[in-house]
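Okay, so here's the structure we're looking at.
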Amino acid sequence: MKNYLAKNVDEYIANAQKEAQPKLKELRAAIKSAVPKAEEGISWGVPFYKYHGVLAGFASFKNHVSFGFAALLQSENRKTLEKKGYITGKKIIQIKFDQKVPTTIKQILKTKAKMNEIPKKNNQELV
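Residue 37 is where the sequence shown starts when you use the numbering used here, and the numbers rise one by one after that.
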């Protein structure tokens, strides 16, 4: 759900459908726990996080929430998540309302944050 009227992440979560709110809160907590210095804001109508560059974001949809990374997911991370029932894309994980937020998200965020601290020429690295 894009919410261009939301001024901050609290408003975005409050305006999301009730089934999505616990997952959105859990994703927000995972980001803050993994990368405490990440800047939180709204970009393109959804919650978005930056740390020495783009880090991650999430959005609410009718039957799931999507969590997006700023880097491509490694194939082994994708395979592991898919075996557990998650739908993945090159940079996203779909989490249905009855699924748990994958614990691997924190490790992937930490890896991406470390990569962002290093000056680079190509921002399409794998995490």
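Each residue gets a CB set at the ideal place from its N, CA and C atoms; glycine is no exception.
To which residues of the same chain is residue i closer than 6 Å at the C-beta, ignoring the five residues directly before and after it?
i, result
"TYR122", "ILE129"
Counting C-beta neighbours from all protein chains within 10 Å, is the total for residue i 16 or more, i.e. buried, or is it exposed?
i, result
"ILE144", "buried"
"PHE84", "buried"
"PHE97", "exposed"
"ILE67", "buried"
"ALA56", "buried"
"LYS136", "exposed"
"ILE78", "buried"
"ALA95", "buried"
Which two residues bound the contiguous alpha helix (DSSP H) that contains residue i?
i, result
"ILE49", "45-51"
Quick check: the Cα distance between residue i and residue j, rounded to an integer number of angstroms?
i, j, result
"THR139", "PRO58", "15 Å"
"HIS100", "GLU75", "24 Å"
"LYS86", "LEU60", "17 Å"
"GLU118", "GLY93", "20 Å"
"ASN51", "GLY89", "27 Å"
"GLU112", "PRO72", "26 Å"
"LYS148", "LEU91", "7 Å"
"ALA65", "GLY104", "15 Å"
Tell me which same chain residues have a C-beta within less than 8 Å of the C-beta of residue i, skipping the five on either side of it?
i, result
"SER69", "LYS142"
Which residue marks the beginning of the beta strand (DSSP E) containing residue i, and which one marks its end?
i, result
"GLN130", "128-132"
"LEU63", "Unbroken run through LEU63 is the alpha helix (DSSP H), 57-70; no beta strand (DSSP E)."
"ILE144", "Taken as a continuous stretch (DSSP letters only), ILE144 belongs to no beta strand (DSSP E), being part of the alpha helix (DSSP H) at 140-153."
"LEU117", "No beta strand (DSSP E) holds LEU117; the alpha helix (DSSP H) holding it covers 111-119."
"GLY93", "90-96"
"LYS86", "82-86"
Excluding five sequence neighbours on each side, which residues of the same chain lie with their C-beta closer than 7 Å to the C-beta of residue i?
i, result
"ARG114", "THR124"
"GLU153", "HIS88"
"ASN44", "ILE78"
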